[in-house]
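Numbering (our numbering), first residue to last: -16 to 374. Have a look at the structure below, then the notes.
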Ligand code: ADP
Ligand code: MG
């Protein structure tokens, strides 16, 4: 059971944490992008995410209580006092995410966490596919790890945060977001095998090109149920295919020919989902090669093709994302663009020469306003290190 902090309690905690530096742990937890490899993390695929230079900032300090803790979100102008041994109900706002992390940590390091105060302040847009949720969970988990010297390794942190997000959001999320947020490396993408968690880093130098996110400002609140439905469709497609081809352990290992073979049994929707997964996996491999060869035109084409798959086969886009992706595709200043993240809102990711960013953003904003009657937010991003202690 939590109680909401009053404005004056809120200010007292904020002040004590931000003025007296003794015993304070400061953390920054980045959001993440995914260059390519969308909706294949939970199908055994390889993905190509990176942590970014937009972060949630945490200030944490132990307090005198055995179990009573206080947390504030400056973005939500909201704070709670709660007992860390009593879990919050799943789905009950942002505190339930943090409570989920505490429950998971307690399984690994029972009784090690005692009362603490925590303020968080975020520069990440929320619900825009940049994974503010993974940043929230992983930054908090790593912050507690530092504050209470729990010595939990990164992979365990990643998995416990994934588990907490699964339980407390109701979406059966994959592991990519947490992995990128924790293991990100400045100037690199992470090529991650989501099945084994083996990974390598791929240099992100792209000449004069850069990555630009365009936020549709449509929040992806439809995403959770659709996400679970897509996952279930992929799982049952795999079941049908692997019954005859037992060597196919994950959907990315199937071939387009196999999908054709089971066309009748799979039905239209599952055929489309499986085709996207198989083709997207190939695009990830091709993107890694193209990056190594400095072939950014090809990277752009692969981004465009990825959007096509997400729009028409996986069907997780929305009119606003489709408008922005098509606008970029038809504009010579942009090498390629696609929707990024779970879908149904959030951002497109655009590969564009630095010198065109300003003029392109001006024109795209105007066109977007006319077509969708919404404002566009442009977010230039650079790759970054994963969650870090900053003091
Ligand atoms: P995304 O991860 O794409 O930003 P999600 O819907 O997965 O979108 O996660 C957004 C949720 O994460 C918010 O509804 C809130 O519960 C939590 N959250 C993110 N940032 C903050 C913040 N600064 N303060 C409190 N909660 C936050
Ligand atoms: Mg999220």
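Beta carbons: idealized from backbone N, C-alpha and C, even for Gly.
query                                                                                                           : result
Presumed contact (8 Å Cβ cut-off) between residue -2 and residue 126, rounded CB distance                       : Residue -2 to residue 126, Cβ: 19 Å. No contact.
Inter-residue spacing [alpha-carbon to alpha-carbon] between residue 246 and residue 217                        : 14 Å
Residue 365 versus residue 36 - alpha carbon distance                                                           : 6 Å
The beta strand (DSSP E) enclosing residue 9, as first and last residue numbers                                 : 8 to 17
Opening and closing residue of the beta strand (DSSP E) in which residue 72 lies                                : Note, residue 72: premise wrong, no beta strand (DSSP E); not H, not E.
Residue 59 CB to nearest heavy atom of ligand 3 below 7 Å                                                       : Among the ligands present in this structure, namely ligand 1 and ligand 2, ligand 3 is not found.
Cβ contact check for the segment 43 to 57 and the segment 23 to 31: 3 or more pairs under 8 Å                   : no
contact_flag[the segment 236 to 254, the segment 285 to 292] where n(CB pairs < 8 Å) is 3 or more               : no
Top-ranked residue by Cα proximity to residue 352, from 292, 199, 362 and 210                                   : 199
Contact between the segment -3 to 13 and the segment 266 to 277 (3+ Cβ pairs under 8 Å)                         : no
Per-residue burial, residue 186 [other beta carbons within 10 Å of its own, 16 or more giving buried]           : exposed
Check: residue 293 C-beta below 7 Å from any heavy atom of ligand 1                                             : no
Where residue 102 sits in the DSSP three-state scheme                                                           : strand
Ranges of the alpha helix (DSSP H) found wholly within the segment 255 to 318, counting only runs of at least 4 : 279 to 291 and 302 to 312
Contact test: residue 117 Cβ vs ligand 2 heavy atom, cutoff 7 Å                                                 : yes
Backbone secondary structure at residue 193 - three-state DSSP                                                  : strand
Test item: CB-CB of residue 107 and residue 115 under 8 Å                                                       : yes
Local conformation of residue 91 per DSSP, three classes                                                        : helix
Buried versus exposed, by CB contacts within 10 Å (16 or more), residue 280                                     : exposed
Span of the alpha helix (DSSP H), counted from its first residue to its last, around residue 341                : 340 to 355
Contact between the segment 75 to 95 and the segment -11 to -4 (3+ Cβ pairs under 8 Å)                          : no
Local Cβ density within 10 Å of residue -16, reported as buried at 16 or more and exposed below that            : exposed
Backbone CA spacing between residue 152 and residue 80 [nearest angstrom]                                       : 8 Å
Coil, strand or helix - residue -9 by DSSP                                                                      : helix
Assigned exposure category for residue 342 - 16 Cβ within 10 Å defines buried                                   : exposed
Opening and closing residue of the beta strand (DSSP E) in which residue 333 lies                               : 330 to 336
Boundaries of the beta strand (DSSP E) in which residue 365 is found, first to last residue                     : Taken as a continuous stretch (DSSP letters only), residue 365 belongs to no beta strand (DSSP E), as it is neither H nor E.
The segment 225 to 244 contacting the segment 138 to 151, beta-carbon criterion three pairs below 8 Å           : no
Residue 134 - containing beta strand (DSSP E), residue span                                                     : Per DSSP, residue 134 belongs to no beta strand (DSSP E) and is neither H nor E.
Where residue 40 sits in the DSSP three-state scheme                                                            : strand
Closer than 7 Å: residue 114 CB and nearest ligand 2 heavy atom                                                 : yes
Cβ-heavy atom distance, residue 9 to ligand 1, below 7 Å                                                        : no
Same chain, Cβ closer than 8 Å to residue 188, neighbours up to 5 away in sequence not counted                  : 170
Same chain only: Cβ atoms within 6 Å of residue 309, ignoring 5 sequence neighbours per side                    : none
Cβ-based neighbour list, residue 154, same chain, cut-off 6 Å, excluding 5 preceding and 5 following            : 207 and 210
Whole runs of the alpha helix (DSSP H) within the segment 130 to 185, excluding any shorter than 4 residues     : 137 to 152 and 159 to 166
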